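One structure is given below, encoded as structure tokens.
2 protein chains.
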Amino acid sequence: MEEKESPKVNIFWKIPMFEYLDEKELDRLYSMCERETYPKGEYIFFECDQPRKLYVVVSGQVKLLKQSDDGREMILEMAYPGDVFGEEAVFDGQPYPMTAQALDDVELLSISRVDFFSFLRDNPDLALEIIADLAARLREAQNTIRALAMERVEWRIARVLLLLSQRAGSKVDGGVSIELPLTRQDIADMAATTVETAIRVLSNFKKMGLVETVEGKILLKDRDRLESMVKEGCTGQR
Amino acid sequence: MEEKESPKVNIFWKIPMFEYLDEKELDRLYSMCERETYPKGEYIFFECDQPRKLYVVVSGQVKLLKQSDDGREMILEMAYPGDVFGEEAVFDGQPYPMTAQALDDVELLSISRVDFFSFLRDNPDLALEIIADLAARLREAQNTIRALAMERVEWRIARVLLLLSQRAGSKVDGGVSIELPLTRQDIADMAATTVETAIRVLSNFKKMGLVETVEGKILLKDRDRLESMVKEGCTGQR
DNA sequence: TGGATTGCTGGATAAAAATCAAGTGGGCGG
DNA sequence: CCGCCCACTTGATTTTTATCCAGCAATCCA
Numbered sequence: 001m002e003e004k005e006s007p008k009v010n011i012f013w014k015i016p017m018f019e020y021l022d023e024k025e026l027d028r029l030y031s032m033c034e035r036e037t038y039p040k041g042e043y044i045f046f047e048c049d050q051p052r053k054l055y056v057v058v059s060g061q062v063k064l065l066k067q068s069d070d071g072r073e074m075i076l077e078m079a080y081p082g083d084v085f086g087e088e089a090v091f092d093g094q095p096y097p098m099t100a101q102a103l104d105d106v107e108l109l110s111i112s113r114v115d116f117f118s119f120l121r122d123n124p125d126l127a128l129e130i131i132a133d134l135a136a137r138l139r140e141a142q143n144t145i146r147a148l149a150m151e152r153v154e155w156r157i158a159r160v161l162l163l164l165s166q167r168a169g170s171k172v173d174g175g176v177s178i179e180l181p182l183t184r185q186d187i188a189d190m191a192a193t194t195v196e197t198a199i200r201v202l203s204n205f206k207k208m209g210l211v212e213t214v215e216g217k218i219l220l221k222d223r224d225r226l227e228s229m230v231k232e233g234c235t236g237q238r
Numbered sequence: 239m240e241e242k243e244s245p246k247v248n249i250f251w252k253i254p255m256f257e258y259l260d261e262k263e264l265d266r267l268y269s270m271c272e273r274e275t276y277p278k279g280e281y282i283f284f285e286c287d288q289p290r291k292l293y294v295v296v297s298g299q300v301k302l303l304k305q306s307d308d309g310r311e312m313i314l315e316m317a318y319p320g321d322v323f324g325e326e327a328v329f330d331g332q333p334y335p336m337t338a339q340a341l342d343d344v345e346l347l348s349i350s351r352v353d354f355f356s357f358l359r360d361n362p363d364l365a366l367e368i369i370a371d372l373a374a375r376l377r378e379a380q381n382t383i384r385a386l387a388m389e390r391v392e393w394r395i396a397r398v399l400l401l402l403s404q405r406a407g408s409k410v411d412g413g414v415s416i417e418l419p420l421t422r423q424d425i426a427d428m429a430a431t432t433v434e435t436a437i438r439v440l441s442n443f444k445k446m447g448l449v450e451t452v453e454g455k456i457l458l459k460d461r462d463r464l465e466s467m468v469k470e471g472c473t474g475q476r
């Protein structure tokens with residue numbers, strides 16, 4: 001997170017989409033990128049903006065969200081170092097389908113739409129990686145739809161905690177800690193509920209010995225029990 | 239819908255993903271396909287099945303859904319003639335993320351995963367079409383998430399009606415008719431609510447002069463007013 | 001033909017979660 | 001150092017929507 005020296009090629013190595021490219025190609029890709037920084041809270045783009053760039057997170061976290069007319073937010077995804085965002089818009093040329101906001105100070109690499117397509121033309125196998133990436137994103141979005149459509153709040157909050165712990169969790173004594181500057185409001189926005197409800201559910205979880213709040217970070221004390229309560233996918237089979 | 243003679247190449251022409259392929263390639267693709275038929279109500283695959291095939295709808299309608307453990311359903315998408323389904327699983331090799339069920343008697347073309355990839359290798363530009371297709375699907379899924387997260391039932395039902403009318407609507411005198419064998423339960427499953435609520439909302443819409451039921455089909459009498467009440471995307475911009 | 005099943009409807013009630021309201025404590029800027 | 005703002009927390013109330021129920025009409029089919 002603090003490696004200010006040339007991250008050059010190595011930032012791309014972490015990204016599944018690019019991992020099979022050779023060093024020469026990664027260098028070329030890197031040379032097409034611009035480095036951008038955004039302070040905490042700033043917007044990177046808004047829903048309905050014309051797509052210009054694909055972004056890669058170098059450090060910090062980015063919220064990808066949709067807003068309602070009355071100011072509420074739904075967080076669709078979080079992007080962490082090594083994640084790519086803005087694909088939908090760049091790949092089909094339609095406006096960005098959501099807003100991107102820096103959750104803390106953020107460092108990004110950006111590649112313009114045209115540059116990316118020219119790179120893609122010379123690396124046809126990359127298209128397969130992108131397809132797999134989009135397919136996985138779609139799959140996850142469909143799981144979210146299922147959760148919103150048929151599961152109650154506690155379930156959705158538990159799911160959010162588990163997803164966060166998979167992406168940004170670190171093992172500490174007593175469980176898994178989610179190392180992110182998240183507010184209760186953020187949790188609520190990810191689970192499609194209100195702050196008050198999110199707080200109530202979290203304090204129930206605390207009473208049940210499932211989670212704990214340590215120095216502002218959420219600590220999952222009993223990940224297994226949380227997992228057994230969500231158990232995603234393949235439930236209603238025959 | 240009734241063209242029983244060799245649909246061969248021409249079924250593919252309707253499909254955006256394939257439309258730029260030349261006749262020779264379409265013929266080759268067609269020769270890789272198997273023709274399958276399913277009677278009304280039958281399942282084509284279940285969530286968590288191993289992915290074997292990509293499907294193209296020739297005639298009939300297919301429901302793509304997720305089930306909850308207590309038997310409720312959420313319809314993620316409907317597939318009509320010319321639509322492709324099963325992509326997520328075929329493209330990333332993971333199990334199917336949802337169940338596919340014939341809504342009426344259905345005729346399909348299926349292409350096995352391996353055959354499709356070999357065809358894709360010889361037609362690298364097809365990958366770009368697939369990327370655009372997946373990006374559009376993802377975008378739509380995100381709109382559904384937004385709807386479920388922040389809009390109330392009437393809004394969601396109105397949205398479902400509009401989406402259906404775009405895909406399977408035909409202009410008749412007095413409005414746009416949705417030419418599908420849909421039950422109230424199906425509508426409810428698409429809007430993530432219960433039959434009773436769906437019925438109540440629809441009968442309110444009827445009182446307001448927005449819709450009418452004619453011979454089992456839903457007729458949108460005032461599409462514009464419905465549209466103005468949903469107004470998707472770009473609301474909360476700055 | 002008649003009994004059963006299925007889809008549609010709407011009323012009464014209950015449950016889940018949102019909203020409203022109020023108070024706490026920590027951190028930051030003046 | 002004081003006061004203000006913001007995140008957090010909890011209780012009380014209200015709203016939305018699900019659940020439970022019963023009746024009706026059409027269709028299937030034995």
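Those protein sequence lines, which keep their order, are chains R and D.
1 is the number of the first residue of the first sequence in my numbering; add one for each residue after it.
239 is the number of the first residue of the second sequence in my numbering; add one for each residue after it.
By construction, the Cβ of each residue, glycine as well, lies at the ideal position given by its N, Cα and C atoms.
For clarity, every value in this text was computed on a predicted model and none was experimentally measured.
- Pairing GLY413(D) with LEU347(D) gives a Cβ-Cβ distance that is not under 7 angstroms.
- Distance from the Cα of GLU227(R) is smallest, within the candidate group LEU163(R), MET74(R), ARG52(R) and ARG121(R), for LEU163(R).
- The beta carbon of SER203(R) sits no closer than 7 angstroms to any beta carbon of chain D.
- Residue range 153 to 168 is occupied by the alpha helix (DSSP H) that includes ILE157(R), with no beta strand (DSSP E) assigned at that position.
- For ARG351(D) and ARG266(D), the gap between their C-alpha atoms comes out near 15 angstroms.
- In the DSSP assignment, THR213(R) falls within the unbroken beta strand (DSSP E) covering 211 to 214.
- Taking a C-beta distance under 7 angstroms as the contact criterion, ALA100(R) and LYS40(R) do not qualify as a contact pair.
- The beta carbons of VAL391(D) and VAL439(D) sit closer together than 7 angstroms.
- Identification of chain D residues near MET74(R) by a Cβ-Cβ cut-off of 8 angstroms yields ILE383, ARG384, ALA387 and MET388, ordered along the chain.
- Restricted to the region 23 to 64 of chain R, the alpha helix (DSSP H) segments that are unbroken, complete and at least 4 residues in length are 23 to 32, listed in chain order.
- Residues of the region 116 to 146 of chain R with a C-beta less than 7 angstroms from any C-beta of chain D: PRO124, ALA127, LEU128, ILE130, ILE131, ALA132, LEU134, ALA135, ALA136, ARG137, LEU138, ARG139, ALA141, GLN142, THR144, ILE145 and ARG146, listed in chain order.
- Residue contact check for PHE250(D) against chain R: no CB pair falls below 7 angstroms.
- Closer than 7 angstroms to the CB of ASP83(R) there is not a single CB belonging to chain D.
- Proximity of chain R to ASP330(D) at the Cβ level (cut-off 7 angstroms) is accounted for by ALA132, ALA135 and ALA136, in chain order.
- For LYS217(R), the uninterrupted beta strand (DSSP E) segment begins and ends at 217 to 220.
- Between the alpha carbons of ILE456(D) and GLU315(D) lies a distance of about 18 angstroms.
- A contact is defined here as three or more CB-CB pairs under 8 angstroms, and the region 169 to 184 of chain R fails this definition with respect to the region 62 to 71 of chain R.
- When the Cα atoms are used, LEU128(R) and PHE355(D) turn out to be separated by approximately 10 angstroms.
- Taking C-beta atoms as the reference points, ALA430(D) and LEU376(D) fail to come closer than 7 angstroms.
- Taking 7 angstroms as the cut-off, the Cβ atoms of VAL195(R) and GLN185(R) count as close.
- ASP321(D) and ILE111(R) have their C-alpha atoms some 32 angstroms from each other.
- Contact note: MET98(R) reaches chain D through GLN380, using a C-beta cutoff of 8 angstroms and chain order.
- Taking a Cβ-Cβ cut-off of 7 angstroms, GLU25(R) has no neighbours in chain D, whose nearest Cβ is about 17 angstroms from it.
- The beta carbon of GLN94(R) sits closer than 8 angstroms to those of PRO51 and GLU88, all from its chain and outside the five residues before and after it, given in chain order.
- TYR293(D) and ALA406(D) do not touch by the CB rule: their CB atoms are close to 18 angstroms apart, not below 8 angstroms.
- Between ASN123(R) and GLU232(R), the C-beta spacing is not below 7 angstroms.
- Under a criterion of Cβ atoms nearer than 9 angstroms, the residues of chain R adjacent to ALA430(D) are, in order, ILE145, LEU148, ALA149 and MET150.
- Here the C-alpha atom of ARG384(D) lies approximately 34 angstroms from the C-alpha atom of ILE249(D).
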